[in-house]
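Read through the structure below, which is laid out as structure tokens, and then see the notes.
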Amino acid sequence: MADEDLFGKAQGLSDLELAFLLCLMSREHCIISSIPSALDDLVQELQFIASKTFGLVSVVINCCPTTTLDDFVAALLLPNTPTPHPTRSSSPFKSRSDASYFNPHSRSGIAPLSPIIPHPTSPGQSGQTLFIPEVVLARNLDRAPKAVQIQALELLRTRRIFTRTAVQTAPKTFLFVPLLGAESGGAARVTPHLNDFFFLAHWHDVEDGLPYLEEAEGGEGWGEDAETASTASVVKRSTPGGPNNDQSAEPLLSEGDISRLASLSRTTRLDIDVHRYQMNLVSFLRIHRAVAGGISYAATKHFDQLMRCLAPLHGIDFVTPALVALAARKVYLHRIEIAAPAEERSVQWGSDIRAVEVLLEGIGPEDVIEDVLGMVTAPV
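All letters in the sequence shown, in the order written, are residues 93 to 472 by our numbering.
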């Protein structure tokens with residue numbers, strides 16, 4: 093009965109919530125993209141998802157071509173102020189009407205504390221300690237200098253980052269999500285090595301809506317302050333009424349729920365025919381005439397992992413061909429690189445390059461994936 097209730101919760105999630113859940117189950121990270129004009133609302137929706145659906149603290153890093161390594165590290169860390177005492181306030185005569193008189197967590201511009209912070213901290217300004225929040229939303233990471241993107245890759249690989257005075261360790265539950273503006277999901281990508289490290293990519297269509305944000309704008313109306321906030325700064329944290337500070341209610345999915353789903357994914361069965369179907373898809377993607385650079389081992393590993401994670405979300409303990417196709421669309425969306433006409437394989441055997449240009453015109457990763465799914469016969 094408990095598992096049935098959990099399956100019901102999972103099946104009621106939005107696509108964005110499912111992307112978060114799949115990454116938390118597998119302890120991986122993902123890319124989320126949409127049209128550039130929709131990123132402001134998308135950032136707020138993802139903060140709501142982190143807080144309300146999963147009970148996690150998040151931070152938003154706004155990257156740009158001038159972002160430095162110090163900017164990135166400073167924006168990544170949140171201050172963790174200890175329990176207040178009479179000397180904490182800048183004024184010893186704080187009014188009882190002040191919002192933070194009775195509530196030490198009501199701090200303007202600072203996300204609330206994580207309920208459990210098992211990782212080490214380092215001293216920050218004014219005696220504060222710093223910590224890496226559970227969810228990092230890196231907006232426009234693709235625009236950041238290559239050195240900053242390499243620093244992000246190092247954070248994901250080692251789960252730690254070096255400051256000038258200490259080493260910061262990421263929490264046990266850690267999710268790093270680049271938010272990229274692009275014309276399509278296949279066009280949203282970062283530097284190659286960092287790009288291949290991400291578990292899956294999700295393209296958010298504006299027509300799909302943003303449930304949490306729509307509910308908030310219809311109720312409290314806190315989003316107006318966020319819309320007028322400066323977007324030129326490197327880091328943008330929640331306002332006092334924002335999504336990060338609403339932790340009075342229990343999250344929809346607890347850490348125990350996520351652990352249970354992850355445990356079920358590890359016991360998911362994969363039939364030999366379905367496994368053959370998966371490998372055929374990988375082979376056809378590798379030899380597709382529009383694909384340059386092939387398909388990496390990491391992509392195939394993530395492909396298998398995502399198939400197994402999708403099964404318990406549908407209330408089953410085995411992988412179906414439909415789940416294989418769904419996993420392929422998510423795993424390879426950001427990884428497939430379209431070949432230039434001069435590098436297309438048939439050109440070396442005498443094909444007319446002008447004919448190849450016409451053939452490849454307008455083809456994107458989405459088209460390649462759908463083409464391969466149409467060519468490979470799924471088992472009955």
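Using N, Cα and C, we set each Cβ at its ideal position, and we do this for glycine too.
Considering only DSSP beta bridges, list what residue i is partnered with.
i: V269; result: L229
i: A293; result: I123
i: T261; result: R252
i: P171; result: L222
i: F410; result: R361
i: S150; result: V227
Starting from the C-beta of residue i, find all residues in its chain whose C-beta is less than 8 angstroms away, skip the five residues before and the five after it, and write them out in chain order.
i: L418; result: L402
i: E275; result: I127
i: I461; result: L377, A420, R421, Y424, L425, I428
So residue i and residue j are in contact, right, with Cβ under 8 angstroms, and what is the actual spacing, rounded?
i: A244; j: A262; result: Contact flag wrong, Cβ pair sits at about 12 angstroms.
i: L272; j: S125; result: 4 angstroms
i: L105; j: L113; result: 6 angstroms
i: H380; j: L108; result: Going by Cβ atoms, the distance from H380 to L108 rounds to 29 angstroms, so no, they are not a contact pair.
i: G277; j: E137; result: Between E137 and G277 the Cβ distance is about 17 angstroms, and since that is not below 8 angstroms, they are no contact.
i: L248; j: H121; result: 6 angstroms
i: A384; j: A431; result: 4 angstroms
i: F410; j: A308; result: Incorrect: roughly 39 angstroms between the Cβ atoms, too far for contact.
What would DSSP say about residue i, mapped onto helix, strand or coil?
i: T469; result: coil
i: E429; result: strand
i: L205; result: Residue placement at L205 cannot be trusted, given a pLDDT of 40 that sits under 50; what the coordinates show is reported in the next sentence. Coil at L205, not helix or strand.
i: V383; result: strand
i: V448; result: helix
i: L345; result: coil
i: C401; result: helix
i: V282; result: coil
i: P237; result: coil
i: P457; result: helix
i: G301; result: coil
i: E275; result: coil
i: E306; result: helix
i: L105; result: coil
i: G100; result: helix
i: Y424; result: coil
i: T392; result: helix
i: T145; result: helix
i: C156; result: coil
i: A111; result: helix
i: E462; result: helix
Could you name the residues of the same chain whose beta carbon sits closer than 6 angstroms to that of residue i, not counting the 5 residues immediately before and after it, in chain order?
i: K328; result: At K328 the pLDDT is 44, less than 50, meaning the model places this residue with poor confidence and gives no usable figure here.
i: R400; result: S357, T360
i: D288; result: S388, A390
i: T469; result: none
Comparing alpha-carbon positions, which option in the options lies nearest residue i?
i: C115; options: Q139, V227, G104; result: V227
i: A280; options: E429, A434, A414; result: E429
i: Q103; options: L345, T412, V383; result: L345
i: V298; options: D463, V135, G466, S118; result: V135
i: R251; options: R119, A414, E462, V448; result: R119
i: C156; options: Y424, A258, V240; result: V240
i: N372; options: T145, F140, P433, V464; result: V464
i: F146; options: D133, L170, A111; result: A111
i: A434; options: L353, H426, V450; result: V450
i: M467; options: F376, F268, I224, I123; result: F376
i: V259; options: L267, A308, E246; result: E246
i: S351; options: I445, L405, E306; result: L405
i: V374; options: V416, L233, E96; result: V416
i: H285; options: I242, L222, T159, K264; result: I242
i: L494; options: F223, T257, K264, D349; result: Look at the range of the chain in this structure, 93 to 472, and you will see that residue 494 is not part of it.
i: D95; options: S355, G310, S150; result: S355
i: T160; options: P237, K264, S129, E347; result: P237
Leaving aside the five residues before and after residue i along the sequence, list all residues of the same chain whose C-beta is less than 7 angstroms from its C-beta, in chain order.
i: V423; result: L292, A391, H394, F395, L398
i: P471; result: D365, V366, Y369, P413
i: V165; result: I253, T255
i: R378; result: G386, I387
i: F266; result: E226, R251
i: D190; result: Low per-residue confidence applies at D190: pLDDT is 47, beneath 50, and the placement is therefore not dependable, though the value from the model is reported in the following sentence. Same-chain partners within the cutoff: there are none.
i: R235; result: C155, C156, P157
i: R180; result: Annotation note: pLDDT 42 at R180 (below 50); position unreliable, coordinate value reported separately. Result list for R180: empty, nothing under 7 angstroms.
i: I123; result: P270, L272, A280, F290, A293, H426
i: R437; result: R381
Nearer than 7 angstroms: is that true of the beta carbon of residue i relative to any heavy atom of the ligand ADP?
i: D288; result: In the structure shown, the ligand ADP is absent, as is every other ligand, since no ligand is present at all.
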